[in-house]
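For reference, the structure is listed below as C-alpha cells.
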Amino acid sequence: MSDFADEPGPAVRRRLAEERNVWLCTVRPDGSAHVTPVWFVYRGSRWWIGSDHRSVKVGNIREEPRVSLALEDGRFPVVAEGCASLIHDGFPREVVAEFERKYGWDVSAPTGPGSKRVLLEVRVRRWLLAGTAQ
Numbered sequence: 008m009s010d011f012a013d014e015p016g017p018a019v020r021r022r023l024a025e026e027r028n029v030w031l032c033t034v035r036p037d038g039s040a041h042v043t044p045v046w047f048v049y050r051g052s053r054w055w056i057g058s059d060h061r062s063v064k065v066g067n068i069r070e071e072p073r074v075s076l077a078l079e080d081g082r083f084p085v086v087a088e089g090c091a092s093l094i095h096d097g098f099p100r101e102v103v104a105e106f107e108r109k110y111g112w113d114v115s116a117p118t119g120p121g122s123k124r125v126l127l128e129v130r131v132r133r134w135l136l137a138g139t140a141q
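When you read off a place in the sequence shown, starting at 1, and then add 7, the result is the number in my numbering.
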C-alpha cells in the first residue's frame, strides 16, 4: 500500500479548493467519535487543519491518529479516511499563505496567552466519493 491514495478528479479538487468547511472525525480515548466542523486547506495531496494545541481533536489525535473528513454536501459526498500528524512549529509557508488567502486567517497565530497553534497534516488512505470507496 502506498503512502497516499490516488488523487481525486478535477471536480473534487475544485470543491476542495473552494469549500470552506469540512467535518473532522477523531476517536476519543473511550472509542467514541468526536466530530467537529473545521477550516481546511487541501494542498500537496494532504488536508491541513489549524488548531489550538489544547483542543479535544488534538488530544484525540495524539492517542489515535486515524481520522475521517467529510465535506458538508451530502448529495455529492466527498469523504476521506487517513492518518493525522501534528506539526508544532515550522509550518509550511505555502500552507500558511493558502489559509490567509482562503480565510484571511493566520493559521500560525496563537489564540491567546499561553496557547500554541498546531497544524494537523492528514494523509489520505482512502477516498469515498458518491458512495464508492477508492
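The C-beta atom is built at its ideal place from N, Cα and C for all residues, glycine as well.
Within its chain, find whatever has a CB closer than 6 Å to the CB of E79; leave out the 5 residues flanking it on each side and keep chain order. N28
Using the three-state DSSP reduction, which class does P17 fall into: helix, strand or coil? helix
Give the single residue among H41, V129, A18, V86 whose Cα lies nearest to the Cα of V102. V129
So E88 is in the beta strand (DSSP E); what residue range does that whole segment cover? 85-94
Inter-residue spacing [alpha-carbon to alpha-carbon] between L93 and V48: 15 Å
Per the DSSP calculation, N28 is bridged to which residue(s)? W46
Note down, in chain order, each residue of its chain lying with its Cβ closer than 7 Å to the Cβ of P15, except the 5 sequence neighbours on either side. W134, L136
Once the 5 residues before and after F106 are set aside, which same chain residues still bring their CB inside 7 Å of it? V48, G57, W112, V114
Cα-Cα separation between K64 and S52, rounded to whole angstroms: 21 Å
Here's the rule I'm using: 16 or more other beta-carbon atoms within 10 Å means buried, otherwise exposed. How should V74 be labelled? buried
For A77, name the three-state secondary structure that DSSP assigns. strand
A5, buried or exposed, once every other Cβ within 10 Å from all chains shown has been counted against 16: What the structure shows of the chain is the stretch from 8 to 141, and residue 5 is not part of that stretch, so it cannot be assessed.
Can you tell me which of the three DSSP states S9 falls into? Reliability fails at S9, whose pLDDT of 40 lies under 50, so the model's placement of it is uncertain and no value is given.
Less than 8 Å between the C-beta atoms of S122 and H60, yes or no? yes
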